[in-house]
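Asks: Pasting in a structure now, in structure tokens, and then I'll have a few things to ask.
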Amino acid sequence: MAISYQLAPGTRLNEVELARDLDVSRTPLREAINRLVSEGLLVADGRGVFARGLDPAEVRDLYEARLGLETFIVTLACERAEAGALDRLDAYLDHSVSVQATSAIEELVRLDEGFHTRLAALTGNAELQRMLESIHARIHFFRWVDMRGRRDDTQAEHRRILAAIRAGDAQHACTTTRAHINRRMDQIVEVIREGVARLHLGESPQPVDLASHQGSETP
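This is the structure:
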């Protein structure tokens, strides 16, 4: 609910209503809320707990953190990636390209996140994978907005990143990844404004399923 903005930005959470709507007692609900606060998906202050606002500065911070993390990931992947894993990621991209013309935005976001999660898996470093999944969760909504109109460009950029890793060219992999992530950073404010408008029109993304990205190399 926090990721998909079923909780409207800036709204104060009402534990009694949430417990009733989710059909759970308030103790596990409070534990879940505390965890979401610690992960930055909810905000707590002296007045209570609130759904995240749509703050351009916060989102820019997240994209910059993603940039630093993913450039390190591709550098490490150039050293550690196994041929079989690279072949499976190529197959994943083939599948993504084959369905992109007819897929809903939510599916495009899932496929995009899946590619980057699989890149992290190439490093063999579980902590890097967890860090990336956390960032994915926190920017999921903005990727949902930003993915509109980017079907062909996104897949072409993914191909170039993977080709650089297969060639063991860390410098080119970093440069390509940096360009891929930076491509929209200067438009984050516009993305947020569009996202607010779409929320007011009743649109929202579906919650990201991080489990679908773990432990599987097949689409």
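Numbering (the UniProt record's numbering), first residue to last: 1 to 219.
By construction, the Cβ of each residue, glycine as well, lies at the ideal position given by its N, Cα and C atoms.
How about the segment 56-65 and the segment 123-142: do they share at least three Cβ pairs that are nearer than 8 Å?
Replies: Taking 8 Å as the limit for Cβ pairs, the verdict is that the segment 123-142 does touch the segment 56-65.
Asks: On the three-state DSSP scale, how would you describe residue 41?
Replies: By 1-based counting over the sequence shown, the position of residue 41 is 41. Of the three classes helix, strand and coil, the one that applies to residue 41 here is coil, per DSSP.
Asks: With DSSP as the reference, please indicate the residues paired to residue 12 in a beta bridge.
Replies: Taking the sequence shown and counting its residues from 1, one reaches residue 12 at position 12. Answer by DSSP bridge pairing, in chain order: 50.
Asks: Please work out which residues of its chain come closer than 7 Å, Cβ to Cβ, to residue 211, disregarding the five sequence neighbours upstream and downstream, and give them in chain order.
Replies: Indexing the sequence shown from 1 puts residue 211 at position 211. Confidence at residue 211 is low in this model, with a pLDDT of 42, below 50, so its placement is unreliable and the value that follows should be read with caution. Taken in chain order, the list of residues that qualify is empty.
Asks: Go through its chain and collect everything with a Cβ distance to residue 177's Cβ below 6 Å, but skip five positions before and after it.
Replies: On the sequence shown, residue 177 is found 177 positions in, with the first residue counted as 1. Result list for residue 177: 70, 71, 74, 161, in chain order.
Asks: Tell me the DSSP secondary structure of residue 213 in three-state form.
Replies: Taking the first residue of the sequence shown as 1, we reach residue 213 at position 213. No answer about residue 213 holds up, because its pLDDT of 38 lies below 50 and its placement is not dependable.
Asks: Quick one: what's got a C-beta closer than 7 Å to residue 11's C-beta in the same chain, skipping five residues either side?
Replies: In the sequence shown, the residue the question calls residue 11 occupies position 11. Same-chain partners within the cutoff: 50, 51.
Asks: Would the segment 109-129 and the segment 80-88 be scored as touching if the rule is three or more Cβ pairs under 8 Å?
Replies: Yes: the two stretches touch, three or more of their Cβ pairs being nearer than 8 Å.
Asks: Residue range of the alpha helix (DSSP H) that residue 87 falls in?
Replies: As a first step, residue 87 is located in the sequence shown; it is residue number 87 there, counting from the start. Counting along the chain, the alpha helix (DSSP H) containing residue 87 begins and ends at 83-99.
Asks: So, with DSSP's three-state summary, where would you put residue 66?
Replies: By one-based count along the sequence shown, residue 66 stands at place 66. Reduced to three states, the DSSP call for residue 66 is helix.
Asks: On the three-state DSSP scale, how would you describe residue 34?
Replies: The sequence position of residue 34 within the sequence shown is 34, counting from 1. Residue 34: helix per DSSP, three-state reduction.
Asks: Going by beta carbon distance, what residues of the same chain come within less than 7 Å of residue 154, once the five residues before and after it are set aside?
Replies: To locate residue 154, count along the sequence shown from 1; it is residue 154. Cβ neighbours of residue 154 beyond the five flanking positions: 112.
Asks: So residue 115 packs on residue 172, CB below 8 Å; how close in whole Å?
Replies: The residue labelled residue 115 in the question sits at position 115 within the sequence shown. The residue labelled residue 172 in the question sits at position 172 within the sequence shown. Not really, about 18 Å apart at Cβ, beyond 8 Å.
Asks: Once you ignore the five residues that flank residue 53 on each side, which residues in its own chain have a CB closer than 7 Å to its CB?
Replies: Numbered from 1 along the sequence shown, position 53 holds the residue referred to as residue 53. Counting only Cβ-Cβ distances below 7 Å, and skipping sequence neighbours, we find 9, 10.
Asks: Would residue 182 pass as a contact of residue 108 if the rule is Cβ separation under 8 Å?
Replies: For the purposes of this step, residue 182 is identified with residue 182 of the sequence shown, where counting begins at 1. For the purposes of this step, residue 108 is identified with residue 108 of the sequence shown, where counting begins at 1. Cβ atoms of residue 182 and residue 108: not closer than 8 Å.
Asks: Take residue 174 and list the residues in its own chain whose beta-carbon comes closer than 7 Å to its own, dropping the five residues that flank it on each side.
Replies: Position 174 of the sequence shown holds residue 174. Within the same chain, residue 174 has close Cβ partners 71, 74, 75.
Asks: Output the boundary residues of the alpha helix (DSSP H) element that contains residue 125.
Replies: Here residue 125 is taken as the residue at index 125 of the sequence shown, counted from 1. Neither: residue 125 is in no alpha helix (DSSP H) and is coded neither H nor E.
Asks: If you follow the alpha helix (DSSP H) that residue 6 is part of, which residue opens it and which one closes it?
Replies: For the purposes of this step, residue 6 is taken as the residue at position 6 of the sequence shown. Counting along the chain, residue 6 falls outside any alpha helix (DSSP H), and DSSP gives it neither H nor E.
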